[in-house]
Structure formats: structure tokens, C-alpha cells
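Have a look at the structure below before the remarks.
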Amino acid sequence: MSDAECVWFLQWALPRLGLRWAAYRKVCRQVCRRLHRHLGELGLPDLLAYQAHLERHPAEWATLETLTHITISRFCRDRGVFGSLQRQVLPSLAAHAVARGCDTLDVWSAGCASGEVAYTLAIMWQLEIAAEFPTLAIRILATDVDETMLARARRGCYPASSLRELPDRWLAAAFSPDDRCYRVNDCFTEAVTVARHDVRSPPPGDAFDLVLCRNLAFTYFDLDIQRTTAARVAAVLRLGGVLVLGAHETLPAGFDKLERWDSNEQIYRRSTD
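As numbered in the working numbering, the sequence shown has no gaps in its residue numbers, which increase by one up to the final residue, 1411.
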């Protein structure tokens, strides 16, 4: 299977899955390798044969979709965004929660992959913020559609390469060496619940202070799904609640239910007005 053949196939198949070919240009080799292995498993000679197989067996589309999942994640990815969360966003959300008389700050990490974003938040909260808000606990729901990624998130054990952007103090306090990986210490995993959820379906809750949907819906999905996802997230954010996107993502043009947080292009807030 040549690169050109794979590109042709993805340009045909991705829109039928509600996905954008433009988002896959730089990562398509990951998908192409999976496709090559899958053709061997099916005993098919090439992608033309696989295209015919898809048209004869509609259930195969669900399998193809699993082959398109892009799973690039690490702790503190995009440190500028996490710096804003630590210095401004989480303290502000915590102060509002305390003022409302709440005892928990509710967070949803949507498309959590193997859990790095959720555990980054749990570590940040406990080491940098919790002392200022002794009556408030953080509760993080980490969801993804990929069962393999969810199993890794539940295990909470990561290679050193995933931790390279963490502050040294966080690494020392939050992880213990375990064979050839670093395991998140129990006192930080207690705040995180890992569950299966497809971000294209209705949200797994009705009230969140903070939602992180990074490098998924607003990168890979087509505009109709992006608009639906944005509307659903906005509906479950409490007044003043915040949505955080990936470093190169923005909300769909014309979506006005959320406003930018202090001109930060990746952080949006549900207006309290």
C-alpha cells in the first residue's frame, strides 16, 4: 500500500465518518500503518478491496473509525495553557464555587486518551491550589471512546517521555518508579474517575465548572459535529464555567455561547451576564 493510495482512501473515507481530511495530513501515516495491518487481518489485497468490503459490510465502518483515532498526549502539553489554568482559571473557578457554597469543583476531561490531562489537573490542584481553598475538593471525570486508552488511564503508569514537560517538583511528589514506567501516586488518582464516553453523544453530566476538550472534536471532526459539540458543552457549563481547547483549536465561526477568557484563544468562558 503506497502513501498515495492511503491518502486517496482516507480522502474518500474520512468525510463519511464525519472527520476532516485536513486534520490528518500530518498524522496520516499512523492511520495508514493501522490500515495496512488490518488489511492483512482481513486477507484483503489492497484498499480498493477494502472499499468494496466496507460497502458490503456496513458494520465494518465502526472498526475503521477505531483505526482513525489519533492518540498523542503527555503531561502538561502546551505549558502556556496549563500555566493559565494554574495562575488564573482554576483559582477563579474555585473562588466562585466557594462563594456558591459548593464543596467540589467539577471537571470533565473529554477525549482524555490515556489520562495525562486529567492527572495533570489533579496534581496541579493538590500541589499548587488546594491549600487556598481548604473546603473545596476537585472531582475530575476523564472520558474517552477508546478502551485501550482508557485501560492505560486507569493503570496510571507512564513512560518518562510523557513526563518531560512536568515541573521537577511535581514529578518528585506525584510519581513513583514502577518497573519501566512512572506511576501516579494514589493520593492524586483518587480525584479522577475514568469512564467510556463518545464526545459526539450527549455529555456525561449536566453541570461542570471546567471542561477540557483538547485536540479532538475541534481538530478532527467536521463542522457540523463541532457545532453540536460546542453547543452541548456550553449547555453543561455552569455560569462562569470554562472550556479549554487545544493549542491550535478554536470554536466554530459564529458560535457565540462562550467568550474568550482574557483574549486567550484556547480558553473560553460561559458568560455570567
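Note that CB positions come from ideal geometry on N, CA and C, so glycine has one too.
Keep in mind that this is a model prediction, so the values were computed, not measured.
Legend entry - beta-carbon leucine 1348 near the ligand HEM non-hydrogen atom, thresh 7 Å: Here there are no bound small molecules, and the ligand HEM is not part of this structure.
Legend entry - Contact set for leucine 1228: own chain, Cβ-Cβ below 6 Å, skip 5 residues either direction: The residue given as residue 1228 occupies position 90 in the sequence shown. Hits under 6 Å: Ile1267.
Inset, instruction - Return the bridge partner residues of tyrosine 1320 from the DSSP annotation. - result: Locating residue 1320 in the sequence shown gives position 182, counting from the first residue. Tyr1296 and Pro1315.
Inset, instruction - Tell me whether isoleucine 1210 sits in a helix, a strand or coil according to DSSP, three-state version. - result: On the sequence shown, position 72 is the one that residue 1210 refers to. In the structure shown, isoleucine 1210 sits in coil (DSSP, three-state: anything other than H, G, I, E or B).
Legend entry - Those runs of the alpha helix (DSSP H) which lie wholly inside the region 1325-1392 and span at least 4 residues: Within the region 1325-1392, the complete alpha helix (DSSP H) segments of 4 residues or longer fall at 1355-1358 and 1361-1374, listed in chain order.
Inset, instruction - Taking all protein chains shown into account, decide if alanine 1256 is buried (16 or more other Cβ within 10 angstroms of its Cβ) or exposed. - result: If you number the sequence shown from 1, residue 1256 lands on position 118. By the 10 Å Cβ count, alanine 1256 comes out buried.
Legend entry - Runs of alpha helix (DSSP H) lying entirely within the region 1147-1175, each at least 4 residues, in chain order: Counting only runs of 4 or more, we get 1159-1162.
Legend entry - Expected contact under 8 Å - CB spacing of alanine 1385 and valine 1219 to nearest Å: Reading the sequence shown from its first residue, position 247 is the one you call residue 1385. Reading the sequence shown from its first residue, position 81 is the one you call residue 1219. Between valine 1219 and alanine 1385 the Cβ distance is about 6 Å, and since that is below 8 Å, they are a contact.
Legend entry - Contiguous alpha helix (DSSP H) assignments of at least 4 residues, all confined to the region 1208-1273: With a minimum length of 4 residues, the continuous alpha helix (DSSP H) runs that stay inside the region 1208-1273 are 1217-1222, 1228-1237 and 1254-1262.
Inset, instruction - Out of Ser1247, Ser1222 and Thr1201, state which residue places its alpha-carbon closest to the alpha-carbon of aspartate 1400. - result: For the purposes of this step, residue 1400 is identified with residue 262 of the sequence shown, where counting begins at 1. Closest by alpha carbon: Ser1222.
Inset, instruction - May I ask you to verify whether the region 1363-1375 touches the region 1339-1353, counting CB pairs closer than 8 Å and requiring at least 3? - result: Verdict: yes, contact present.
Legend entry - C-alpha gap between cysteine 1319 and glycine 1294, whole angstroms: Locating residue 1319 in the sequence shown gives position 181, counting from the first residue. Locating residue 1294 in the sequence shown gives position 156, counting from the first residue. Cysteine 1319 and glycine 1294 have their C-alpha atoms roughly 10 Å apart.
Inset, instruction - Keeping to the same chain, check which residues put their C-beta closer than 7 Å to that of leucine 1182; ignore five residues upstream and five downstream. - result: Sequence index remark: in the sequence shown, residue 1182 carries index 44 (1-based). Once the five neighbours on either side are set aside, the close Cβ partners of leucine 1182 are Tyr1188 and His1191.
Legend entry - Which residues DSSP lists as bridging arginine 1106, in chain order: Past the edges of the chain, shown from 1139 to 1411, lies residue 1106, and the structure says nothing about it.
Inset, instruction - Whole angstroms is fine: what's the gap from threonine 1286's alpha carbon to serine 1300's? - result: Translated into positions along the sequence shown, residue 1286 becomes position 148. Translated into positions along the sequence shown, residue 1300 becomes position 162. Approximately 17 Å between the Cα atoms of the pair.
Legend entry - Same chain, Cβ closer than 8 Å to glycine 1379, neighbours up to 5 away in sequence not counted: Against the sequence shown, residue 1379 aligns to sequence position 241. Excluding residues up to 5 positions away in sequence, Leu1231, Phe1346, Asp1347, Leu1348, Val1349, Arg1407 and Arg1408 lie with their Cβ nearer than 8 Å to the Cβ of glycine 1379 in the same chain.
Legend entry - Collapsed DSSP secondary structure at arginine 1407 in the structure displayed: Counting from 1 along the sequence shown, the entry for residue 1407 is found at position 269. Shown here, arginine 1407 sits in a strand according to DSSP, grouped into three states.
Legend entry - Nonlocal neighbours in the same chain, by C-beta distance under 8 Å from glutamate 1387, ignoring five residues either side: Counting from one through the sequence shown, the residue named residue 1387 turns up at place 249. Cβ within range, chain order: Arg1352, Asn1353, Phe1356, Thr1357 and Gln1404.
Inset, instruction - Determine the burial state of glutamine 1264: buried for a count of at least 16 other Cβ atoms within 10 Å of its Cβ, exposed for fewer. - result: Translated into the one-based positions of the sequence shown, residue 1264 becomes position 126. Residue environment analysis places glutamine 1264 among the buried positions, since at least 16 neighbouring C-beta atoms fall within 10 angstroms of its C-beta.
Legend entry - C-beta atoms of cysteine 1250 and alanine 1280 nearer than 8 Å: Locating residue 1250 in the sequence shown gives position 112, where the first residue counts as 1. Locating residue 1280 in the sequence shown gives position 142, where the first residue counts as 1. It is a contact, given that the beta carbons lie within the stated cut-off.
Inset, instruction - Please confirm if the region 1194-1210 is in contact with the region 1304-1317, defined as three or more CB-CB distances below 8 Å between the two stretches. - result: These segments do not touch.
Inset, instruction - Drop a sphere of 10 angstroms on the beta-carbon of alanine 1237, count the other beta-carbons inside from all chains shown, and report buried for 16 or more, exposed for fewer. - result: As a working mapping, residue 1237 is identified with position 99 in the sequence shown. Burial call: exposed.
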